[in-house]
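First the structure, in the form of structure tokens, and then the observations on it.
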Amino acid sequence: MPASVHCPKCDYNQQGDSPSFHGPGLAASRFDELLKSNNPPLQAEYVDLEGVIREGHIFLSGLKGRITQTRAVLEELLDEERRVGSLVESCKKIIRPIGGIPEDIVRQIFLTCLDTDERDIKDSLDGKSPPLVLSKVCRHWRSVAVSTPQLWSPLSLDF
């Protein structure tokens, strides 16, 4: 026996395979013959074809309703995926390893950057100078950089 599927959002119940629509009771060869010619169907065939049209419209209407419900559920799931993804990324930012480094260690790293790069920078106001670059990374780094006078002492203003 096929498994039953129930959607709690749209209250759709599916028993096994999706419902399918069956075409006219005509033999496939007769149906093709009628499609390829201008010959009218027999009276019994005509009644059968009208029934298929009527039932087909009802079936299509039901499918459209289910599709609309399914799209709404999909949008809710995509919104939830985005929300949870954003939350996960925020949590990862909070526990990032750099956040756990003590301020005095960060300060020493900054001063090391200054030692290796100060001879390469000729203009103190160059945006690539270590003090300026380090102070633009994040609020915490800016606070450490601004509160480290040794980082700014090599700066010179040439007029």
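Going by the working numbering, the letters in the sequence shown line up with residues 62 to 220, in that order.
The beta-carbon is built from N, C-alpha and C at its ideal position, and this holds for glycine as well.
Check: Inter-residue spacing [alpha-carbon to alpha-carbon] between SER151 and ARG127; Outcome: 36 Å
Check: Pairwise C-alpha distance: GLN169 and VAL194; Outcome: 16 Å
Check: Extent of the continuous alpha helix (DSSP H) run through THR129; Outcome: 104–155
Check: Cutoff 6 Å; reference TRP202; Cβ partners in own chain excluding five residues on either side; Outcome: LEU195
Check: Buried or exposed (CB count within 10 angstroms, at least 16 for buried), PRO191; Outcome: buried
Check: Stretch-stretch touch, CB-based, cutoff 8 Å, three pairs: the stretch 130–147 with the stretch 105–112; Outcome: no
Check: Residue range of the unbroken alpha helix (DSSP H) whose run includes LEU87; Outcome: LEU87 -> no alpha helix (DSSP H), and no H or E assigned at all.
Check: Within 9 Å, strictly: CB atoms of VAL207 and VAL167; Outcome: no
Check: Rounded C-alpha distance that separates VAL198 from ILE159; Outcome: 12 Å
Check: Straight-line Cα distance separating GLY117 from HIS83; Outcome: 9 Å
Check: THR209 burial status per 10 Å Cβ neighbour count (16 or more: buried); Outcome: buried
Check: VAL207 - DSSP class collapsed to helix/strand/coil; Outcome: helix
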